[in-house]
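Visitor:
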Amino acid sequence: MDKSDRKPIVEDKKDAAMTNLRTYIGTSNHGFAQYAQDEIRKLFPLTKFWLLVPTEVFIFEVPEGTENLLTTLKEQEPMFLRHIQPVVQEWQLTRSETDLDTLKAWLTDAHRTGLIGTGEKVAVQVRKEDGVDVPYAPFAVKAALQEVIVSDLLSEPVVRYADVTISVYISPEKLYVGISKPSDNLSDWSGGAIRFMKEEDQISRAKFKLLEAEQRFGIDFSVARTALDIGAAPGGWTSLLLERGLKVTAIDPASMSPKLQGNPMLKIYKKNASDVKLKPNEFDLLVCDMSWDPRQMGRLVADLLYALQSGGTAIITVKLMHKKPFQTVRDLMKILEPSLFLIKAKQLFHNREELTLYLQKT
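Sequential numbering from 1 applies to the sequence shown in my numbering.
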């Protein structure tokens with residue numbers, strides 16, 4: 001349903017009580033909003049959706065009586081839902097400085113009524129849709145609210161590790177605001193858009209995918225000792241594992257980056273993985289980031305699982321070549337089971353037409 005078909009959501013607390021709805025803004029990677037909505041609808045069949053940004057950002061409403069919504073979303077986290085923020089209030093956009101005054105007055109009132117406390121670490125996250133014509137930038141909105149956080153809430157504005165997050169979303173027609181714990185947003189980054197600093201000698205941007213997986217899945221790579229990197233060239237993932245102190249065996253017929261040559265912790269097989277013979281139970285971590293058909297990749301990984309210890313971890317990216325992501329994951333797991341079981345599948349911010357799977361060896 002596009003914007004022109006969307007009915008008003010909640011204009012004030014009185015309306016909210018009458019409609020008995022809980023409203024959220026959901027965000028996916030571009031092109032994958034429909035899949036995120038399908039997953040949410042499967043968990044909560046009475047959910048209604050309206051698009052804000054086609055194929056990427058949407059509003060969803062669930063009945064107020066929906067049990068344990070946030071707990072369910074975290075325990076059965078949708079693969080394509082990158083971030084959510086609650087909507088506790090919304091206003092028509094004036095496209096003037098009045099919008100900032102409205103937000104400041106709202107936050108003062110939210111503190112007065114106990115919606116947000118005193119002395120907490122508070123993050124303000126502001127998103128503005130492309131093309132929205134307002135005389136203020138997101139940083140001005142953030143600064144205005146931080147002024148209230150310091151003066152009225154007697155609290156500390158922070159960027160990360162907040163106790164509470166204030167989310168502001170600016171659409172062409174409306175301002176939406178929410179208050180939540182960072183963990184209830186699925187990601188503590190604004191819109192789930194996690195950013196890493198590009199290093200001067202970085203081999204490839206693929207490293208960001210493994211960095212994000214490390215954070216998103218709560219993996220401590222440093223507790224592993226030995227890693228197998230299948231399809232490793234040019235070495236983005238290998239470089240991160242070496243930084244974490246692991247001994248790495250990298251397999252790829254293509255050349256690895258010269259920056260990695262001579263590293264005593266690295267063994268390189270410049271050949272096809274099917275031609276490499278490894279020792280049984282040699283590794284406690286297996287990673288694979290290959291631009292192959294998922295079934296081909298799955299069979300290749302399955303043939304090397306004898307080298308992964310029982311209880312070992314696997315991080316694999318799956319290319320979504322045929323736009324059938326749920327079936328693709330099911331088909332891949334038929335190949336990998338019962339040797340590997342799936343802990344979580346997620347389309348990370350640094351994924352594009354792919355998913356990242358976090359698995360464990362039985």
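Here a beta-carbon is modelled for each residue, glycine too, at the ideal position from N, C-alpha and C.
Within the same chain, show all residues whose beta-carbon is closer than 7 Å to that of G119, passing over the 5 residues directly before and after it, in chain order.
Guide: Start at 1 with the first residue of the sequence shown, and residue 119 comes out as number 119. L154 and S155.
Visitor: Would you please state the rounded distance, in angstroms, between the beta carbons of L210 and I315? I believe it to be under 8 Å.
Guide: The sequence position of residue 210 within the sequence shown is 210, counting from 1. The sequence position of residue 315 within the sequence shown is 315, counting from 1. The Cβ separation is near 7 Å, so the contact holds.
Visitor: Counting Cβ pairs closer than 8 Å, one from the region 242 to 250 and one from the region 220 to 233, do we hit at least three?
Guide: yes
Visitor: By Cβ distance below 8 Å, which residues in the same chain neighbour I343 in space, the five residues on each side in sequence not counted?
Guide: Within the sequence shown, the letter at position 343 stands for residue 343. Here the set comprises F217, Y358, L359 and Q360.
Visitor: Between P234 and L242, what straight-line distance do the alpha-carbon atoms span, to the nearest angstrom?
Guide: Here residue 234 corresponds to residue number 234 of the sequence shown, with the count starting at 1. Here residue 242 corresponds to residue number 242 of the sequence shown, with the count starting at 1. Going from the Cα of P234 to the Cα of L242 covers about 14 Å.
Visitor: What do you reckon, are the CB atoms on F80 and F32 nearer than 8 Å?
Guide: In the sequence shown, the residue the question calls residue 80 occupies position 80. In the sequence shown, the residue the question calls residue 32 occupies position 32. Their beta carbons are under 8 Å apart, which means F80 touches F32 by this criterion.
Visitor: Cβ of A345 within 8 Å of Cβ of L285?
Guide: Residue 345 sits at position 345 when you count from the first residue of the sequence shown. Residue 285 sits at position 285 when you count from the first residue of the sequence shown. L285 is positioned such that its CB atom lies no closer than 8 Å to that of A345.
Visitor: Could you give the C-beta distance for R82 and N29, rounded to a whole number, given that I count them as a contact under 8 Å?
Guide: Residue mapping note: residue 82 aligns to position 82 of the sequence shown, counting from 1. Residue mapping note: residue 29 aligns to position 29 of the sequence shown, counting from 1. Yes, R82 and N29 are in contact; Cβ-Cβ is about 6 Å, under 8 Å.
Visitor: To which residues of the same chain is E214 closer than 7 Å at the C-beta, ignoring the five residues directly before and after it?
Guide: Walking along the sequence shown from the start, residue 214 turns up at place 214. Cβ neighbours of E214 beyond the five flanking positions: F221.
Visitor: Looking only at its chain, what residues have a beta carbon closer than 6 Å to the beta carbon of G178, apart from the 5 residues adjacent to it on each side?
Guide: As a working mapping, residue 178 is identified with position 178 in the sequence shown. Closer than 6 Å at the Cβ level, and outside the excluded window around G178, lie Q85, P86, V87, V88 and S167.
Visitor: What are the start and end residues of each continuous alpha helix (DSSP H) run of 4 or more residues lying completely inside the region 147 to 225, in chain order?
Guide: 206 to 216
Visitor: CA-CA distance, F283 and K270?
Guide: As a first step, residue 283 must be located in the sequence shown, where it is residue number 283. As a first step, residue 270 must be located in the sequence shown, where it is residue number 270. Rounded to the nearest angstrom, the two C-alpha atoms are 19 Å apart.
Visitor: Could you check the C-alpha separation between E90 and K121 for me, to the nearest Å?
Guide: The count along the sequence shown starts at 1 and reaches residue 90 at position 90. The count along the sequence shown starts at 1 and reaches residue 121 at position 121. If you take the alpha carbons of E90 and K121, they lie about 24 Å apart.
Visitor: How long is the line joining the alpha carbons of L107 and L145, rounded to whole angstroms?
Guide: Taking the sequence shown and counting its residues from 1, the one referred to as residue 107 is at position 107. Taking the sequence shown and counting its residues from 1, the one referred to as residue 145 is at position 145. Between L107 and L145, the C-alpha separation is close to 7 Å.
Visitor: Can you check which of these residues, V150, H322, F349 and F60, is closest to R205 by C-alpha distance?
Guide: Position 205 of the sequence shown, counted from the first residue, corresponds to residue 205. Minimum Cα distance to R205 is reached at F349.
Visitor: Run through DSSP, which three-state label would V57 get?
Guide: Counted from its first residue, the sequence shown places residue 57 at position 57. In the structure shown, V57 sits in a strand (DSSP, three-state: E or B).
Visitor: Once you ignore the five residues that flank A273 on each side, which residues in its own chain have a CB closer than 6 Å to its CB?
Guide: Against the sequence shown, residue 273 aligns to sequence position 273. Correct list, in chain order: I230, I251 and L300.
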